[in-house]
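One structure below.
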Amino acid sequence: MSLLQIFDLSWVAATIRLATPIALAAQGETLSERAGVLNIGLEGVMLNSAFAGVVGAYYSGSPWVGLLLGMLVGALTALILAVASITFRANQIVIGAAINILAMGITGVLFRAIFGLEQQVTVMSFKPYPIPVLSQIPVLGPVLFQQNVLVYLGYVLVPLLTIVLFRTHWGLAIRAVGDEPQAVDTAGISVIKIRYLAVLIGGALGGLGGVSLSLGQLNLFAEGMISGRGFMALAAVIFGRWHPVGGVLAALFFGGADALQLRMQVLGWQVPYEFMLMLPYVLTLLTLAVFAGRASQPKALGENYAREVR
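In structure tokens:
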């Protein structure tokens, strides 16, 4: 069996599809961490949003309503972190961990309360939409431009967020707040306002990542369905050195590992399937071990800011 049989175009297409939830969430987390707020609760943000997306699509019959509701719930979940850490200066890691635990419990309870236990509920999802002309490009066209609309949103989001962070005054303010909040405050810019906006937008984008799983790749909700993708997104931010492009490349790396384990099972490799399933998570841990100590993070990341402290 040659490498071309393993890493063929179907593997590339699967890599893009599986990387999308991680990449979208990583974009939002990049924005939040650039402002100095570490959202360990990203897994919970994605889970709540995946659930809300299915509920919205179920009652409206439209995945677009599910998308909007999922992003709203993602922002509201992130608001918990914002209020607790920015306003009340609680420990960001502790609050994030609490959000993850809360999401696991509340989505399970609400799912049973709304849909019961007798049936698996399926909803309308986002179907692949071939982009005219571009989808006809030989080789790459079917891989890149026959995806669903949430993948295309990811294509647009990466350059957009890069421009915002590195080519606008607001992006400069975000980066300054994440590095030197006291200097920003002295200059008359509200550190609290910037951090709130960054966390809420980051939560909405994390919600978009959750919805891309429940309504983009699947058409249902299952308890714990995020399966560590929120933590992969956190690792992607570090691996990508807090840059939108780097975060996407890291997400593609993790998505490729996920696609590889699926490919190995399809091709009938004589390897225990449990080993294949753990492959993406092992690579995530190895990535953190190698790059976490070398990456230059925002100087005030994870540090709550009190205006009276000068």
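For the sequence shown, position 231 matches number 258 in this note's numbering, and the numbering has no gaps at all.
Backbone N, C-alpha and C define an ideal beta-carbon position, used for all residues, glycine too.
These numbers come from a predicted model, not from an experiment.
Beta carbon of Ala231, beta carbon of Ala102: below 7 angstroms?
yes
How many angstroms separate the CA atom of Leu167 from the CA atom of Ser323?
35 angstroms
Completely contained beta strand (DSSP E) runs for the region 158-233, where each covers 3 or more residues:
You should have found no qualifying run.
For Pro159, is the classification buried or exposed, using 16 other Cβ atoms within 10 angstroms of its Cβ as the cut-off for buried?
exposed
Going by beta carbon distance, what residues of the same chain come within less than 6 angstroms of Ala109, once the five residues before and after it are set aside?
So the list reads Tyr223, Val226, once near-sequence residues are dropped.
Assuming Gly123 and Asn66 make a contact with CB atoms under 8 angstroms, what is their CB distance in whole Å?
Contact holds; Cβ gap of about 6 angstroms.
Quick check: what's the CA-CA separation for Thr57 versus Arg334?
24 angstroms
If I measure Cβ to Cβ from Phe142 and keep anything under 7 angstroms in the same chain, skipping five residues before and after, which residues do I get?
Val148
Arg59 classed as buried or exposed, judged by whether at least 16 other C-beta atoms fall within 10 angstroms
What sits at residue 59 in the sequence shown is Ser, not Arg. So Ser59 counts as buried.
Check whether the Cβ atoms of Ala46 and Leu261 lie closer than 7 angstroms to each other.
At a Cβ-Cβ threshold of 7 angstroms, Ala46 and Leu261 do not count as neighbours.
According to DSSP, residues forming a beta bridge with Thr149:
Leu247
How about the region 246-258 and the region 127-143: do they share at least three Cβ pairs that are nearer than 8 angstroms?
yes
First through last residue of the alpha helix (DSSP H) which encompasses Val64:
Note, Val64: premise wrong, no alpha helix (DSSP H); not H, not E.
Rounded to whole angstroms, how far is the Cβ of Trp38 from the Cβ of Ala203, which I believe are closer than 8 angstroms?
Not quite, the Cβ-Cβ distance comes to about 41 angstroms (not below 8 angstroms), so this is no contact.
In angstroms, rounded to a whole number, what distance separates the CA positions of Ala52 and Tyr179?
15 angstroms
Segments of 3+ residues assigned as beta strand (DSSP E) that fall wholly inside the region 254-298
none
Does the region 87-104 come within contact of the region 237-244, defined as at least 3 CB pairs closer than 8 angstroms?
yes
Using 10 angstroms around the beta-carbon of Gly55, count the other beta-carbons present and answer buried if the total reaches 16, otherwise exposed.
buried
At the level of alpha carbons, what is the spacing between Pro265 and Val82?
The sequence given here has Ile at residue 265, not Pro. Roughly 33 angstroms separates the two Cα atoms.
Inspect the beta-carbon positions of Val183 and Ala40 and report whether they are closer than 7 angstroms.
no
Helix, strand or coil for Asn127, going by three-state DSSP, please let me know.
helix
Going by C-alpha to C-alpha distance, which of Pro165, Val272, Gly255, Ile120 sits closest to Ile190?
Val272
Measuring straight from C-alpha to C-alpha, what distance separates Ile120 and Ile126?
10 angstroms
Per-residue burial, Ser152 [other beta carbons within 10 Å of its own, 16 or more giving buried]:
Per the 10 Å Cβ criterion, buried.
Classification of Trp197 by the beta-carbon crowding that lies within 10 angstroms, buried from 16 upward:
With a threshold of 16 other beta carbon atoms within 10 Å, Trp197 falls short and is exposed.
Which whole-angstrom value is the C-beta distance of Gln244 and Arg61, which I expect to be below 8 angstroms?
Not quite, the Cβ-Cβ distance comes to about 28 angstroms (not below 8 angstroms), so this is no contact.
Can you list, in chain order, the residues of its chain whose CB lies under 7 angstroms from that of Gly88, leaving out five sequence neighbours each side?
Taken in chain order, the residues that qualify are Met151.
Skipping 5 residues on each side, what residues in its chain have a beta carbon closer than 7 angstroms to that of Val176?
Phe153, Tyr156
Where the alpha helix (DSSP H) through Gly143 begins and ends:
Here Gly143 belongs to no alpha helix (DSSP H), and DSSP marks it neither H nor E.
To the nearest angstrom, how far is it from the Cα of Val64 to the Cα of Gly93?
27 angstroms
Under the three-state DSSP convention, the category Gly329 falls into:
Reduced to three states, the DSSP call for Gly329 is coil.
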